[in-house]
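Report on the following structure.
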Amino acid sequence: MRIPESACSILMKMTVARSMKARVQAHMYARVAYFIQVRSTLLRALLEACHKPGARRERIAIYNKIAPSPHVQFISVKTRCHVLLREQCLRDFRILQNAFYLVGLTLTLSLCFVMPNGLFNRDCSFYQRLKSGNIYYVYNADYPNASNGRQYCKWKAESDYRVKLSCNIFEIPWHVKCAFDSLTVKVDESVAFSYCGNDTFSVESTGKTMTIVLSTAFWSSGVKFLCELQALEEVEKDYNCRCGWKKPTKIVGGVETGVNEYPMMAGLVDPFRREVYCGASVISQRHVLTAAHCVINRDANKVGVLVGDHDLTTGADTNASRLYVADEFNIHPLYNDTSLENDIAVVTVNGIINFSEEVGPACLPFQHQSDSFAGNYVDLLGWGTTEFGGMRPDTLQKVMVSVISYQDCHRSYPNLSYGQLCTYGRNKDACQVTLLFDSGGPVLWQNPTTKREVLVGIISYGLACGDDDPAVNTRVGTYIDWILDATPGAYYCKAE
1 MRIPESACSI LMKMTVARSM KARVQAHMYA RVAYFIQVRS TLLRALLEAC
51 HKPGARRERI AIYNKIAPSP HVQFISVKTR CHVLLREQCL RDFRILQNAF
101 YLVGLTLTLS LCFVMPNGLF NRDCSFYQRL KSGNIYYVYN ADYPNASNGR
151 QYCKWKAESD YRVKLSCNIF EIPWHVKCAF DSLTVKVDES VAFSYCGNDT
201 FSVESTGKTM TIVLSTAFWS SGVKFLCELQ ALEEVEKDYN CRCGWKKPTK
251 IVGGVETGVN EYPMMAGLVD PFRREVYCGA SVISQRHVLT AAHCVINRDA
301 NKVGVLVGDH DLTTGADTNA SRLYVADEFN IHPLYNDTSL ENDIAVVTVN
351 GIINFSEEVG PACLPFQHQS DSFAGNYVDL LGWGTTEFGG MRPDTLQKVM
401 VSVISYQDCH RSYPNLSYGQ LCTYGRNKDA CQVTLLFDSG GPVLWQNPTT
451 KREVLVGIIS YGLACGDDDP AVNTRVGTYI DWILDATPGA YYCKAE
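The structure is reproduced here in structure tokens:
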């Protein structure tokens with residue numbers, strides 16, 4: 001099996017400084033060149049063996065020629081094989097560098113890369129042309145160990161398609177706004193996201209390139225990450241479909257929304273009390289998404305679903321409001337009524353929700369299922385109280401809060417699960433303490449590129465309205481597969 005030259009060539013480029021007689025230099029140059037040729041042959045053989053299925057004995061034999069070790073028989077994982085190979089390549093380079101230094105020559109390592117994900121050089125700059133169907137890896141220099149101190153590394157990936165980055169091992173010291181240590185992902189020429197902390201994430205480019213930059217402070221305690229890059233060959237997705245639109249409004253700032261500003265907003269109605277008791281979000285023409293605790297122990301045919309409304313006291317503010325009778329509740333099978341884990345439910349309405357500029361679905365986070373959204377701002381919507389114990393407003397309210405990392409929220413909620421998302425804004429969080437009002441309502445993130453409103457969370461609970469503790473929401477991305485199973489036949493715009 002031949003390994004592509006661009007992916008895993010091992011090349012040592014030597015530059016000679018005139019500090020000794022040319023004959024001595026030429027002699028040393030020739031000897032070192034021969035050494036490089038021999039070692040490169042062995043390293044390349046091992047690299048090919050790394051990729052060859054069932055070549056465990058071959059890997060062991062070749063590696064023993066390079067660096068005999070009693071532990072080599074345990075090499076079986078392809079990634080570990082690559083790491084050992086890269087380490088040996090760098091050791092060879094250091095030996096040669098010292099030898100050259102003794103005779104006044106300068107050896108420059110321009111490429112000693114053995115992992116199939118890009119180029120490794122002394123400037124820590126990487127480039128890779130992605131091919132559809134292949135997976136490429138981005139990782140810290142000392143992976144699987146952490147890398148300490150000052151680092152600045154840059155990866156650039158290009159493809160004929162959009163590019164997706166998924167980081168499933170991610171440990172970068174957290175600071176406010178990722179000020180000191182961060183992995184920054186540039187998804188187009190003007191939009192970039194910075195990540196830190198321990199939350200895993202995935203992000204997609206809007207075009208055919210993606211640039212990733214690792215920047216750490218010299219006092220950094222260490223970073224460790226392993227991410228996957230792949231080209232997304234998309235032929236089935238309709239990027240002209242609509243979801244997550246907002247209606248222009250004259251209201252700027254404040255807490256009251258414009259009339260039908262958020263077409264995806266819905267409410268669950270108790271017909272006996274004649275009030276909206278929980279929020280919900282339109283996701284298809286027959287389904288709204290809400291919190292499980294809003295519908296548990298209730299009869300579906302005794303709950304209404306209100307869409308297109310703004311002021312609950314009058315019908316004169318909009319002609320878009322419609323009330324549907326719920327037909328079915330689909331509560332997550334692992335919902336825990338005590339801990340409120342898996343606090344998510346799909347409500348199927350009896351009828352068809354007609355879409356318009358005033359009523360329409362939120363985008364579901366198909367492209368950001370693993371994102372933590374930590375550090376991003378989101379909008380919470382509801383008809384809940386604007387202060388703890390205060391009067392409920394008649395009109396739909398909104399509040400902007402920030403998403404905080406899992407580890408920060410875990411301090412307030414030790415039993416927090418990865419299916420939950422925390423938001424915080426002092427005196428700003430939605431009021432869910434009585435498990436009414438704003439509960440079940442949307443947590444919306446606006447995609448900075450498309451400007452679409454993406455439903456990233458469902459308001460679940462908090463210790464008190466707007467206190468010093470974060471509010472807990474259900475992370476919608478975790479439940480995408482379950483939502484699809486619970487809504488057979490529904491059409492979703494996956495453009496986001």
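According to the UniProt record's numbering, the sequence shown is numbered sequentially starting from 1. All residues carry an ideal CB built from backbone N, CA and C; glycine is no exception.
Query	Result
Where residue 304 falls: helix, strand or coil (DSSP)	strand
Test item: CB-CB of residue 292 and residue 279 under 9 Å	no
Residue 385, buried or exposed, once every other Cβ within 10 Å from all chains shown has been counted against 16	The predicted model places residue 385 with a pLDDT of 47, which falls under 50 and marks its position as unreliable; any figure quoted below should be read in that light. Buried is the call here.
C-beta atoms of residue 207 and residue 181 nearer than 9 Å	no
Residue 389, buried or exposed, once every other Cβ within 10 Å from all chains shown has been counted against 16	Low per-residue confidence applies at residue 389: pLDDT is 42, beneath 50, and the placement is therefore not dependable enough to give any value.
Proximal residues to residue 478 (C-beta, below 8 Å), its chain only, five neighbours per side dropped	369, 418, 419
Start and end residues, alpha helix (DSSP H) containing residue 406	406-412
Neighbourhood of residue 340 by C-beta, 7 Å cutoff - its chain only, sequence neighbours within 5 removed	293, 460, 461
Beta-carbon proximity of residue 130 to residue 230, cut-off 9 Å	yes
Separation of residue 145 from residue 283, as counted between CA atoms	43 Å
Contact under 9 Å by Cβ, residue 303 with residue 270	yes
Given 8 Å, three or more beta-carbon pairs between the segment 395-407 and the segment 477-491	no
Cut-off 6 Å between Cβ atoms - residues of its own chain near residue 158, not counting five sequence neighbours on either side	129, 209
Cβ contact (3+ pairs, closer than 8 Å) linking the segment 196-206 and the segment 137-151	no
Cβ shell of residue 480 (< 8 Å), same chain only, five flanking positions each side left out	364, 365, 366, 369
Continuous beta strand (DSSP E) stretch holding residue 231: start and end	224-232
Cβ-Cβ distance between residue 305 and residue 320 below 9 Å	no
Reference residue 140; option with closest CA among 213, 179, 186	213
Simplified DSSP state of residue 296, which is helix, strand or coil	coil
N- and C-terminal bounds of the beta strand (DSSP E) containing residue 183	182-186
Collapsed DSSP secondary structure at residue 476 in the structure displayed	helix
CA nearest to the CA of residue 475, picked from 423, 215, 256	423
Presumed contact (8 Å Cβ cut-off) between residue 405 and residue 362, rounded CB distance	Their Cβ separation, rounded to whole angstroms, is 24 Å, which puts residue 405 and residue 362 out of contact at 8 Å.
Residue 179 in three-state terms, based on DSSP	coil
Among 215, 325, 165, 132, nearest to residue 154 - alpha-carbon criterion	215
Where residue 340 falls: helix, strand or coil (DSSP)	coil
C-beta contact flag for residue 356 and residue 263 at 9 Å	yes
DSSP three-state assignment for residue 487, whether helix, strand or coil	coil
Candidates 150, 277, 204: closest to residue 223 by CA position	150
Collapsed DSSP secondary structure at residue 368 in the structure displayed	helix
DSSP three-state assignment for residue 270, whether helix, strand or coil	strand
Three-state secondary structure assigned by DSSP to residue 438	coil
Residue 219 - DSSP class collapsed to helix/strand/coil	coil
Whole-angstrom C-beta distance between residue 273 and residue 349, which should lie under 8 Å	Residue 349 to residue 273, Cβ: 20 Å. No contact.
Rounded distance between the beta-carbons of residue 163 and residue 125, thought under 8 Å	Not a contact, Cβ separation roughly 18 Å.
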